[in-house]
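Presented below is the structure to which this report refers.
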Amino acid sequence: MSPQLFFLLASILFSIGLVGLVSRKNLFVLYMSIELMLSSVNLLLATFSKVLGDAGGSVIALLIIAVIAAEAALFLAMTVHIYRNNRTVDSDHFDKLREEAHNA
Amino acid sequence: MLEISIFTILATFMLGGSIAMISNKQTLFSAFGFLVAMIGLAGMFALLDSRFLAIAQIMVSVGAVVVLSMLTILTVNAKNENLPDEPHKYKWILFSSFLVLPFTLLMYKSTTALYQSFSSMEAISSKVVGKLLFSEWVLPFEIVSILLLAAMVGAVVIARKERRKKERRKSKERP
Amino acid sequence: MLSLIVILPFLSAFIMGVVYLGDTKKKRYLFYTLIGVGIPAISTVLSFIFGIQLLGGSEPIHHTLFQWISIGDFNIEIAFMADRLSVVMISFITFIGTLIHIYAAGYMKEDEGYGKFFAYFNLFMGSMLLLVLADNPIMMFVGWELVGLSSYLLIGFYHKESSNITAANKAFILNRVGDFGFIMAISLLFISLEGSGFTFESIKANISMIDHETLTLIGILLFVGAMGKSAQIPLYVWLPDAMAGPTPVSALIHAATMVTAGVYMVARYSFIYIEIPDVGLFIASIGAASALFAAIIASYQSDIKKILAYSTMSQLGYMFMAVGLGAYSSGIFHVFTHAFFKALLFMGAGAVIIALHHEQNIFKMGGLKKELKLVYITMFIATLAISGIPPFAGFFSKDAILITAFASEHYILWSIGSLTAMLTAFYMFRLLFTVFHSQPTQRKKLHALPATMTTPLVILAFGSATVGFLGANEAYGGNSWINTFLALPDRALNISHATEYMLGGLNVFLGLLGMGLAYKLFAQEAQEAKEDSLFRKVVIHKFYIDEIYGFFILKPLLVLSDFIAKVMDPKIFDGFIYLNVWGYRKAAVLFNRLQNGKVRYYALYILIGVSVMSYYLILKLKVMS
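Structural data, given as structure tokens:
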């Protein structure tokens, strides 16, 4: 068993997360793609921890899991709030960032 | 031999789960895919001799995060009509995967160029983690705990229903 | 001191202009007259002083004001040079100029633009003196241009009539066409000299540096400038129209001084023209053709000033004939005598016009010899002078020119010149007899003429009668004083006294013949020329030259301008810009659609960027190998 396999897996997982982030409109899928990306980084950290023989990598991964938990709480709370006001979980619905087109 | 076969199984779980997650229309099915992927990840951690991390992953990521998201999904309970319609979903996925390909390649190549083999070490048990957590990594540990507190408070504030303003408005309208 | 001659008129023009602009309505008659006439008088005195100095045998006087341009080899100073040629020119320019200024004080008295007139008039004086006293071709060109400008300002003086402005424009534009040749000549001269100084004296010294073809080209191009300024064929059409200006303007500018600038220029560049006698022959031919052409047209004209304008063109033709054939002194001498009698003729004509309350058609005048006795006598003297009757001035100068033509065996030119001499006598006496002798028409009481207008006439009549002797040949008892004084590189002529007497006699005979013919036809009853035959019709319409120019030159230009303005400009240039604007708008719409506020798309854009960079890195880092 060599680290290359783990590296490959982590890269692929990250890409899948990225693809999901860009392609889907559903807010929940968006959230889960982000989680997937974070988890792939965790995997990478754990691999390095074993490669270098240092337990610190594991500790960092642990702390990251804690952050994931915090983020979950906030994201889901926001989703609930948004759904209450707008009755939709479509991320394309929220386009106030753009300027209104002027009549040329 | 054994390890590689275990790795293969776990990898299949993870990949299958994630792909299912990003390509399903129903939200709950995506959540199930995500669940499978997280469990696979926990197995991976165990394979990498980070036992405490594996347990923590199951407890937090699976037990808390996934469960919580499923709860929220069910609370929101969007009917099929209210779900966003994504006509070109597969086209988008294909296009983005094509875009992301070189990045993946780059990441893989850069990491493999660095390290070619595992070093031999004993498994990272909770004892080791505990020691490190309270000696070398105590500052991040404390900060993360504050972060968790803030997140909790924030979540409560964001998600609560705004009754008081509506009551005030009603009381003003009456007289 | 020398520069004062030029600076004083400019200064007075400036002062009068500023004062005039201060209050256009106020009549400061005394102020303007004092300065306007006094300054040219001072210039006259100064010119005579320098003339006497040079008469006493001194070297040419130089005076440099300051360095104007200094770029590498191109060094131009504002400098003046008074050598014998310039001193002769400035003497009669300032003298006759002052007399005409005095005359103008009387002529323009009633006009409300009195101050403006004298400002322009003095500007002209300064410019002409600058032209003549210039030390180098560039300064001469500055004077040349300024003279053209003054001419424009003065022709269009009665600016309320739009036809006057058109005439002024015509003069200026035709002048400009000539100036194009002039500028090219100066530039060629400068380039060929390759940085060895650019004053007249240094050019004269270095003339051998330039090869013959370039010299020929320079000579021709310089003459193109002269064609415009001195109204020779083909650039003459502005001169008759220029008579729209006040009569003093016609007298000074278009008779005595400005139009002779071309002749002066050829004489100044005599060191070039002696090397290229073929160009000289070309100049002489143009001169002869112009002389004859103008004489024919003048014989059928009815406006008194137009007759005199064509007469000027004709006499200028004589001058060019002289300088073209290498007789530079004779040409300058004819300039000198012509200034006297032509100025006198114009001033007399002006007196008649004023007396008859601005009537200019000679067939509406008649029998004035009793009422305007002084004018009659002086104009009679001038007409005799121009017809070449001895002992008046015109005889000696015209005779010298025709003798040159005969002696250098250009018999065609000689015969054209003689024929023109007869025609000159004819049309000039036609004018005199019609105005003063023939049947008077019904008219009102004559306007009185002030002394300021009549005194100069007398002085100039005296001059017309006597100055001829300054240049009389040995055959007639003179010693060609002016030729020796000018010391220009004239061609040597071999001609016996007998031939000279014969030719002189022929000239006198032709003159008397013309006079007699005019007497017979016009002294008793003068009739305006009618358009009976085709020949008459063509000549009365001045050979339709103006119409030809209009059709072949102006019309295509106007069509082209129209095309450019209506088609090319809006469609092509503006169209190109509109195309740009359209492109920008389309691009803007496209970019607008990219910025749709959806975060997902923004993430995609980031991904695209990262992807491109990754592709690039993969290629560069040769990760695949």
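Residue numbers (our numbering), protein chains in the order written: chain A, 1 to 104; chain B, 105 to 279; chain C, 280 to 904.
All C-beta atoms, glycine included, are put in the ideal place defined by N, C-alpha and C.
*Assess, as a yes-or-no matter, whether the stretch 443-463 of chain C is touched by the stretch 415-424 of chain C under the definition of 3 or more beta carbon pairs within less than 8 angstroms.*
Yes: the two stretches touch, three or more of their Cβ pairs being nearer than 8 angstroms.
*In three-state terms, what does DSSP make of His-689/C?*
coil
*Tell me whether Thr-745/C sits in a helix, a strand or coil according to DSSP, three-state version.*
helix
_Just to confirm before moving on: does the CB-CB distance between Gly-20/A and Ser-122/B stay below 9 angstroms?_
yes
_I need the straight-line Cα distance from Met-732/C to Gly-376/C, nearest angstrom please._
When rounded, the separation of the alpha-carbon atoms in Met-732/C and Gly-376/C is 14 angstroms.
*State the CB to CB distance for the pair Tyr-299/C and Gly-394/C, rounded to an integer number of angstroms; the pair is presumed to be in contact (CB under 8 angstroms).*
4 angstroms
*Counting along the chain, where does the beta strand (DSSP E) carrying Leu-494/C start and finish?*
Note, Leu-494/C: premise wrong, no beta strand (DSSP E); alpha helix (DSSP H) at 491-508.
*So what does Phe-353/C bridge to, in DSSP terms?*
Ile-350/C
*asked:* Can you check whether the C-beta of Val-164/B is within less than 9 angstroms of a C-beta belonging to chain A?
replied: yes
*Find the nearest neighbour of Leu-514/C within the set Ser-840/C, Ile-824/C, Leu-839/C, judged by alpha-carbon distance.*
The option with the nearest alpha carbon to Leu-514/C is Ile-824/C.
*Around the C-beta of Arg-24/A, are 16 or more other C-beta atoms found within 10 angstroms, so that it is buried, or is it exposed?*
buried
*What residues in its chain sit with their C-beta under 7 angstroms from that of Tyr-382/C, if we drop five residues either side in the sequence?*
Pro-527, Met-626, Thr-731, Met-732, Pro-735
*Cβ of Leu-36/A less than 9 angstroms from any chain B Cβ?*
yes
_Between Leu-203/B and chain C, is the shortest Cβ-Cβ distance under 9 angstroms, so that the two count as touching?_
yes
*asked:* Rounding to the nearest angstrom, what Cα-Cα distance links Asp-848/C and Ala-573/C in this structure?
replied: 43 angstroms
*If the cut is a Cβ gap below 7 angstroms, which residues of chain E does Ile-851/C touch?*
Absent from the structure is chain E; the protein chains it does hold are A, B and C.
*Nearest-angstrom Cα separation, counted from Ser-221/B out to Glu-107/B*: 15 angstroms
*If you measure from the beta carbon of Val-889/C to each beta carbon in chain B, is any gap under 9 angstroms?*
yes
*Span of the alpha helix (DSSP H) holding Glu-638/C?*
Neither: Glu-638/C is in no alpha helix (DSSP H) and is coded neither H nor E.
*Can we say the stretch 559-570 of chain C touches the stretch 430-440 of chain C, given the rule of at least three CB pairs closer than 8 angstroms?*
no
*Reference Ser-365/C; option with closest CA among Phe-612/C, Tyr-308/C, Lys-724/C*: Phe-612/C
*asked:* Does chain C have any CB closer than 9 angstroms to the CB of Ser-200/B?
replied: Contact with chain C is found for Ser-200/B, since one of that chain's Cβ atoms lies less than 9 angstroms from the residue's Cβ.
*At what residue ranges does the stretch 454-482 of chain C contain a whole run of the alpha helix (DSSP H), taking only runs of 4 or more?*
none
*Count the CB pairs spanning the stretch 29-39 of chain A and the stretch 111-130 of chain B that are closer than 8 angstroms, and state whether there are at least three.*
With a cut-off of 8 angstroms on Cβ pairs, the stretch 29-39 of chain A is in contact with the stretch 111-130 of chain B, counting three or more such pairs.
*Helix, strand or coil: how does DSSP classify Asp-90/A here?*
The answer is strand: DSSP assigns Asp-90/A an E or B state.
*Whose C-beta lies closer than 8 angstroms to the C-beta of Val-516/C among residues of the same chain, with five residues either side of it excluded?*
Lys-449, Leu-453, Ile-824, Asp-825, Tyr-828
*Determine the DSSP secondary structure at Asn-278/C, reduced to helix, strand or coil.*
In the structure displayed, chain C extends from 280 to 904; residue 278/C sits before or after that span and is not available.
*Whole-angstrom C-beta distance between Leu-494/C and Ile-553/C, which should lie under 8 angstroms*: With 8 angstroms as the limit, Ile-553/C and Leu-494/C do not qualify as a contact, their Cβ atoms being about 10 angstroms apart.
*asked:* Which residues in chain C have a C-beta closer than 7 angstroms to the C-beta of Phe-207/B? List them in chain order.
replied: Val-889, Ser-890, Ser-893
*7 angstroms Cβ cut-off: residues of chain C touching Leu-8/A*: What Leu-8/A touches in chain C: nothing, since even the nearest Cβ is about 14 angstroms away.
_Taking its Cβ as the centre, do 16 or more other Cβ atoms sit within 10 Å of Lys-50/A, making it buried, or is it exposed?_
buried
_With three or more beta-carbon pairs closer than 8 angstroms as the criterion, would you say the stretch 228-243 of chain B touches the stretch 42-62 of chain A?_
yes
*Rounded to whole angstroms, what's the CA-CA distance from Leu-858/C to Leu-836/C? Just pull it up for me.*
30 angstroms
*Whose C-alpha, out of Leu-243/B, Leu-237/B, Val-204/B, Leu-157/B, is nearest the C-alpha of Ile-897/C?*
Val-204/B
*asked:* Comparing C-alpha positions only, which one of Pro-319/C, Ala-361/C, Lys-899/C, Tyr-399/C sits nearest to Gly-336/C?
replied: Here the closest residue by C-alpha is Ala-361/C.
*Exposed or buried, which one is Glu-807/C when buried takes at least 16 other CB atoms within 10 Å?*
exposed
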